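Below: the structure, in structure tokens.
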Amino acid sequence: MSPAELSIEQVAEFLREYPDFFAQHPDVLLNIEVPHPHGGRTVSIPERQLIATRERSRLLESKLAELIKFGEENDALSDRVHALTLKLVAAKDREQAINTLYLDLLDTFQIPHVVVRLWNIGVDEGDNAPEFQPVATELRQFVEAMTAPYVGTHPVYETNLWFGEHAPHLKSYAMVPLKTSAVFGILLLASENSERFYTGMGTMFLSRIGDVFAAALARELVLSAEV
Numbered sequence: 014m015s016p017a018e019l020s021i022e023q024v025a026e027f028l029r030e031y032p033d034f035f036a037q038h039p040d041v042l043l044n045i046e047v048p049h050p051h052g053g054r055t056v057s058i059p060e061r062q063l064i065a066t067r068e069r070s071r072l073l074e075s076k077l078a079e080l081i082k083f084g085e086e087n088d089a090l091s092d093r094v095h096a097l098t099l100k101l102v103a104a105k106d107r108e109q110a111i112n113t114l115y116l117d118l119l120d121t122f123q124i125p126h127v128v129v130r131l132w133n134i135g136v137d138e139g140d141n142a143p144e145f146q147p148v149a150t151e152l153r154q155f156v157e158a159m160t161a162p163y164v165g166t167h168p169v170y171e172t173n174l175w176f177g178e179h180a181p182h183l184k185s186y187a188m189v190p191l192k193t194s195a196v197f198g199i200l201l202l203a204s205e206n207s208e209r210f211y212t213g214m215g216t217m218f219l220s221r222i223g224d225v226f227a228a229a230l231a232r233e234l235v236l237s238a239e240v
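Residue numbers (our numbering): 14 to 240.
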């Protein structure tokens, strides 16, 4: 069989069968040229391998930089959650805890749209605070069945309407159940940025905020027998 009749597969198979071929014929290896990965010219196989090694190195450096940045962002977020926790623990009553949450989410976390709804709790008659406005049974049942915060681009049970005139502009939402021994409320966050809260994002810090806020409220609020 002449060289012209050799197929690419046969050449590849030969090199696999004789891995020491280039070690025995280094001159062949040095004289073979292959296309440059970025076009424009040809390079030797050793040079091509060097280019590939450099590219892998750059890729690894880029991934490492991303991991470091992610870690730094997580550390910063953890610090903010810790600071909020201390403020909520120091809150003297329900009103101060709620106001602390609203202000901190706005100033520290840059979340301007926050709604809290509470139910199945003992409140003074005539308490018209927005946090105690009626919540549909279906939504309450949905929240009570949640095992983790909801995040996504679609509001649940038209809860976007709770944000009034801002509702048409909101594009992502986070819903956090408030609970101690039982679920007694909901923390709803919203943003005009569709990528602020998205399906698949981590919700550990949202859960922590919800847990601490619920604990701060539970010091004053008494769950009713209707749970």
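Built from N, CA and C at the ideal position, the CB exists for glycine as well.
What you are looking at is a predicted structure, and each value in this text was computed from that prediction instead of being measured.
Boundaries of the alpha helix (DSSP H) in which residue i is found, first to last residue
i	result
Ile-111	107 to 120
Thr-150	150 to 157
Rounded C-alpha distance that separates residue i from residue j
i	j	result
Glu-171	Ala-229	28 Å
Leu-183	Gly-165	11 Å
Asp-88	Leu-118	17 Å
Leu-97	Asp-224	12 Å
Lys-100	Glu-157	27 Å
Arg-209	Pro-125	12 Å
Ala-103	Leu-73	45 Å
Pro-147	Trp-175	11 Å
His-167	Gly-177	16 Å
Glu-22	Ser-70	31 Å
Asp-33	Pro-39	10 Å
Phe-27	Thr-216	54 Å
Val-24	Ile-64	24 Å
Thr-193	Arg-232	10 Å
Thr-150	Leu-114	25 Å
C-beta atoms of residue i and residue j nearer than 8 Å
i	j	result
Leu-201	Phe-226	no
Glu-144	Arg-153	no
Ser-204	Ala-161	no
Asn-267	Phe-197	Residue 267 lies beyond the residue range present for the chain, which begins at 14 and ends at 240; the question has no answer from this structure.
Met-188	Tyr-211	no
Host beta strand (DSSP E) of residue i (start-end)
i	result
Leu-202	196 to 204
Simplified DSSP state of residue i, which is helix, strand or coil
i	result
Arg-221	helix
Pro-125	coil
Leu-19	coil
Gly-139	Unreliable placement is indicated for Gly-139, whose pLDDT of 46 sits below 50; the coordinate value is still reported in the next sentence. Looking at Gly-139 - three-state DSSP - the assignment turns out to be coil, as it is neither helix nor strand.
Glu-239	Model confidence at Glu-239 stands at a pLDDT of 44, short of 50, so the residue's coordinates are unreliable; what they give is reported in the following sentence. Reduced to three states, the DSSP call for Glu-239 is coil.
Thr-66	helix
Gly-84	helix
Pro-32	coil
Phe-145	helix
Arg-71	helix
Cβ of residue i within 8 Å of any chain C Cβ
i	result
Gly-84	Although the question refers to chain C, the structure presented lacks it and comprises just one protein chain.
Those residues which DSSP pairs with residue i across a bridge
i	result
Tyr-186	Gly-165 and Ala-203
Leu-131	Gly-198
Leu-97	Answer is none; Leu-97 lacks a bridge partner.
Leu-174	Answer is none; Leu-174 lacks a bridge partner.
Lys-192	Val-196
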